[in-house]
Amino acid sequence: MKPDEVEDVEIRLLLEGVERIYGYDFRDYADASIKRRLTHWLAESEFETFSQAQSLLLRDRSVFESLLRGITVNVTEMFRDPAFFKALREQVVPFLKTYPFVKIWHAGCATGEEAYSMAILLNEEGMAGRYRMYATDINETVLQKAGEGVVSITEMQRFTRNYQKSGGSASFADYYTARYDRAILSSALKKDIVFAPHNLAVDGEFGEMNMVLCRNVMIYFKPTLKERCLRLFDSSLLPGGFLCLGLKESLEKRKMAERYEELAPGLRIYRKRYD
Amino acid sequence: MTRVFQAVVIGVSTGGVHALQKLLGQLPADFALPVLIVQHMRPDAGSGLAKLLDKCCALRVKEADELDEILPGTVYLAPPNYHLLVEREGFLSLSADPYVSFARPSADVLFESAAAVFGPNLIGVVLTGANFDGSLGLKTIKQNGGVAIVQDPADAEARQMPQAAIAATGVDYVVALDGMAALLQKLAPRRTTMPHDMRGRDA
Ligand SMILES: C[S@@+](CC[C@H](N)C(=O)[O-])C[C@H]1O[C@@H](n2cnc3c(N)ncnc32)[C@H](O)[C@@H]1O
């Protein structure tokens, strides 16, 4: 057997152990990415092989926590894919405005930049106080960061450009206070967002949502797990609700697609039909 | 044991549009291997390049989508702002992980994941570019027994990337762009002798 194949077996066993002991199920994640991350984690750890790590991993929760941080990668941006946010503003918000109150679920929100972007957009469109956002992630460390609403100031230039490209016309600097190298997002953006842990691989639905966003999370999943997530979103969404996926994720070729209409081609904004 | 190559991976940056047009333009429609490409581009570049290349060459060129099955004679271009990876079952996956070697998509990411799946049956190619991406990945390809081809730095619009690759590992062929398609055809199996069925259980 080649060394690579031995490592693949070790990874399977490790993920199996993690699931049995800690209840976190990574067995249905696409192999290539998870292998890459695990290998990085191993290289930075004190262990030579995954088999060697296994013993402590299954007994010492802190070792597991470090692994968890290593395998859930949390890169995100404010107004990532400006064209997508532009379409939200122009084509989705007009529908949302017809409701007295809307509920929105951001699944896999990472450090919250996407939810904060949405809050900015909704407030600018006159929906302040008329929405609640549930922003969830599997990784509690990033959720804590998300709740603090603090972003590195160097990132802010890029985010400002994204915001402007997405059709934002206010002064972006009004949304945060600069403190040394950090930007602290204004509390008006935070007050209608609830950050909470939720694992798409094992946890249940969030009821009665007008909108569900899950962008760049399912690309890491195998088809079976992807299917589970989509079913979860479908049952969480009210008729007429909106489903937003990442730019490289689509409903194409899925049975569920029959119940959805694609609103902005290429931007992965779908609307659930009424019947 | 004679090996039978299963895929070509290409990493290219500055000057890539021109280089790819030329290289892919010279490959015949019955070229028997899948070709996976990372061309560095801006995160918001759109999918114009795949369309452009598709028009100018005999092979089918498409922007890679998640779960695309890796088919012979098809060229898959990494989408802007995503890494492109190879899955064991013979299909592609994408990731939004952080930049690697200052790039997303990164050739290192593609090369390393392809090397893990194809082992010695992989051809890695580094073309023109003004950075270092691809050299670590090419080294991994060599470590797994694959073949490394690098564009002659003197022939490249930007020589840094080929030079870095040559410095990183024992390269098998250093060739000018003009000779590259002929070399790939020589290495590739004839269509009729394609031995493997890459389709796995889950594909
Ligand atoms: C690349 S980030 C995407 C962030 C954001 N949605 C965006 O597009 O910018 C992926 C996020 O998915 C989370 N994630 C991974 N597996 C998950 C699971 N099983 N359940 C919930 N979240 C998960 C990760 O912790 C990470 O924060």
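Note that the protein sequences, when read in sequence, are chains A and B.
Mapped onto my numbering, the consecutive letters of the first sequence carry residue numbers 197 to 471.
Mapped onto my numbering, the consecutive letters of the second sequence carry residue numbers 4 to 206.
Positions of the beta carbon are idealized from the N, C-alpha and C atoms, including for glycine.
If you're wondering where the values come from, they're calculated on a predicted model, not measured in any experiment.
Exercise. Within 10 angstroms of its Cβ, does Asp100 of chain B collect 16 or more other Cβ (buried), or is it exposed?
Worked result: Result: buried.
Exercise. Whose C-alpha, out of B:Leu125, B:Ala168, B:Met183 and B:Val178, is nearest the C-alpha of Gly132 of chain B?
Worked result: When each option's Cα is compared against that of Gly132 of chain B, the closest is B:Ala168.
For this session: With a threshold of 7 Å, establish whether the CB of Leu62 of chain B neighbours any heavy atom of ligand 1.
Result: Result no, Cβ not under 7 Å from ligand 1.
For this session: Give a yes or no on whether 8 Å exceeds the smallest Cβ distance from Val338 of chain A to chain B.
Result: With 8 Å as the cut-off, Val338 of chain A does not count as an interface residue toward chain B.
Problem set entry | Where Asp227 of chain A meets chain B, residues with beta-carbon distance less than 7 Å | By Cβ distance, chain B contributes Glu90 and Arg91.
Problem set entry | Three-way DSSP call (helix, strand, coil) for Asp388 of chain A in this model | Here Asp388 of chain A sits in coil by DSSP.
For this session: Tell me, to the nearest whole angstrom, how far the beta carbon of Phe94 of chain B is from that of Ile126 of chain B; I am working on the premise that it is less than 8 Å.
Result: Actually they are not in contact, since the Cβ atoms of Phe94 of chain B and Ile126 of chain B sit about 19 Å apart, beyond 8 Å.
Exercise. Which residues mark the beginning and the end of the alpha helix (DSSP H) in which Thr307 of chain A is found?
Worked result: Where Thr307 of chain A is concerned, there is no enclosing alpha helix (DSSP H), because DSSP gives it neither an H nor an E.
Exercise. Applying a beta-carbon distance threshold of less than 7 Å, which residues of chain A neighbour Thr69 of chain B?
Worked result: First, the amino acid is wrong: residue 69 of chain B is Glu here, not Thr. In chain order: Ile415, Lys444 and Glu445.
Exercise. Any C-beta of chain A sitting closer than 8 Å to the C-beta of Ser1 of chain B?
Worked result: Within the shown structure, residues of chain B are numbered from 4 to 206, placing residue 1 of chain B beyond reach of any answer.
Exercise. Is Thr17 of chain B helix, strand or coil when you go by DSSP?
Worked result: It is coil, neither helix nor strand.
Problem set entry | Any chain B beta carbon closer than 8 Å to Arg232 of chain A | Judged by the 8 Å Cβ criterion, Arg232 of chain A is in contact with chain B.
Exercise. Gln353 of chain A: which of A:Asp333, A:Arg378 and A:Lys231 sits nearest, CA to CA?
Worked result: Closest in C-alpha terms to Gln353 of chain A, from the list A:Asp333, A:Arg378 and A:Lys231, comes A:Arg378.
For this session: Would you please state the rounded distance, in angstroms, between the beta carbons of Arg276 of chain A and Glu310 of chain A? I believe it to be under 8 Å.
Result: The distance from the Cβ of Arg276 of chain A to that of Glu310 of chain A is about 7 Å, consistent with a contact at the 8 Å cut-off.
For this session: Kindly indicate which three-state DSSP category Asn395 of chain A falls into: helix, strand or coil?
Result: Coil at Asn395 of chain A, not helix or strand.
Exercise. Does the beta carbon of Asp57 of chain B sit closer than 8 Å to a beta carbon anywhere in chain A?
Worked result: No, Asp57 of chain B lies away from the interface with chain A (no Cβ there is under 8 Å from its Cβ).
For this session: Give me the Cα-Cα distance between Ala48 of chain B and Ser251 of chain A, rounded to the nearest whole angstrom.
Result: Roughly 46 Å between the two C-alpha positions.
Exercise. Taking contact to mean at least 3 C-beta pairs separated by less than 8 Å, is the region 441-453 of chain A in contact with the region 405-423 of chain A?
Worked result: By the Cβ rule, the region 441-453 of chain A counts as touching the region 405-423 of chain A, because three or more pairs are nearer than 8 Å.
Exercise. Should Thr131 of chain B be counted as a contact of ligand 1 given a C-beta to heavy atom distance under 7 Å?
Worked result: Ligand 1 has no heavy atom closer than 7 Å to the beta-carbon of Thr131 of chain B.
Problem set entry | Partners in chain A for Ser138 of chain B, counting only beta-carbon separations shorter than 9 Å | Per Cβ cutoff of 9 Å: no residues; Ser138 of chain B is ~17 Å from chain A at best.
For this session: State the DSSP-derived secondary structure class of Asn412 of chain A, mapped to helix, strand or coil.
Result: Coil at Asn412 of chain A, not helix or strand.
For this session: Please work out which residues of its chain come closer than 7 Å, Cβ to Cβ, to Asp200 of chain B, disregarding the five sequence neighbours upstream and downstream, and give them in chain order.
Result: With a pLDDT of 47 at Asp200 of chain B, under the threshold of 50, the predicted position of this residue should be treated as unreliable, though the coordinate-derived value follows. Taking C-beta separations shorter than 7 Å and ignoring five residues to either side along the sequence, Asp200 of chain B has no partners in its chain.
Problem set entry | Straight-line gap, Gln287 of chain A to Phe34 of chain B (C-alpha atoms, nearest Å) | Within the model, the alpha-carbon separation for Gln287 of chain A versus Phe34 of chain B is close to 45 Å.
Exercise. With which residues is Leu88 of chain B paired in a DSSP beta bridge?
Worked result: DSSP output for Leu88 of chain B lists B:Ser96 as bridge partner(s).
Exercise. Distance, Cα to Cα, Thr245 of chain A vs Lys142 of chain B?
Worked result: Computed Cα separation, rounded: 21 Å.
Problem set entry | Span separating the alpha-carbon of Asp68 of chain B from that of Met164 of chain B | Those two C-alpha atoms are separated by around 27 Å.
Exercise. Are at least three pairs of beta-carbons, each pair with one atom in the region 115-123 of chain B and one in the region 141-157 of chain B, less than 8 Å apart?
Worked result: Short answer: they touch.
Exercise. Under 8 Å between C-beta atoms, does Asn335 of chain A make it to chain B?
Worked result: False, the Cβ-Cβ gap to chain B never drops below 8 Å.
For this session: Within its chain, find whatever has a CB closer than 7 Å to the CB of Thr235 of chain A; leave out the 5 residues flanking it on each side and keep chain order.
Result: Closer than 7 Å at Cβ, skipping near neighbours: no residue.
For this session: Look at the alpha carbon of Thr332 of chain A and the alpha carbon of Arg464 of chain A, and state the distance between them as a whole number of angstroms.
Result: Rounded to whole angstroms, the separation of the alpha carbons of Arg464 of chain A and Thr332 of chain A is 20 Å.
For this session: Would you please verify whether the beta carbon of Asp471 of chain A is less than 8 Å from any beta carbon of chain D?
Result: Absence of chain D from the displayed structure is noted, the protein chains being A and B.
Problem set entry | Cβ-Cβ separation, Ile217 of chain A to Leu254 of chain A (assumed contact under 8 Å), whole Å | About 5 Å; that satisfies the 8 Å criterion.
For this session: Can you give me the start and stop residues for the beta strand (DSSP E) that Ser365 of chain A sits inside?
Result: Run containing Ser365 of chain A: none; DSSP gives neither H nor E here.
For this session: Give me the Cβ distance between Pro75 of chain B and Ser50 of chain B, rounded to the nearest whole Å; I'm assuming they're in contact under 8 Å.
Result: The C-beta separation of Pro75 of chain B from Ser50 of chain B comes to about 22 Å, leaving the pair out of contact by the 8 Å criterion.
Exercise. Measuring from the CB of Leu172 of chain B, is there a heavy atom of ligand 1 at a distance below 7 Å?
Worked result: Correcting the residue type first, residue 172 of chain B is Thr in the shown sequence and not Leu. Checking every heavy atom of ligand 1 against the Cβ of Thr172 of chain B, none is found closer than 7 Å.
Exercise. Mind checking if Asn406 of chain A is an interface residue toward chain B, Cβ cutoff 8 Å exclusive?
Worked result: Output row for Asn406 of chain A: interface = no.
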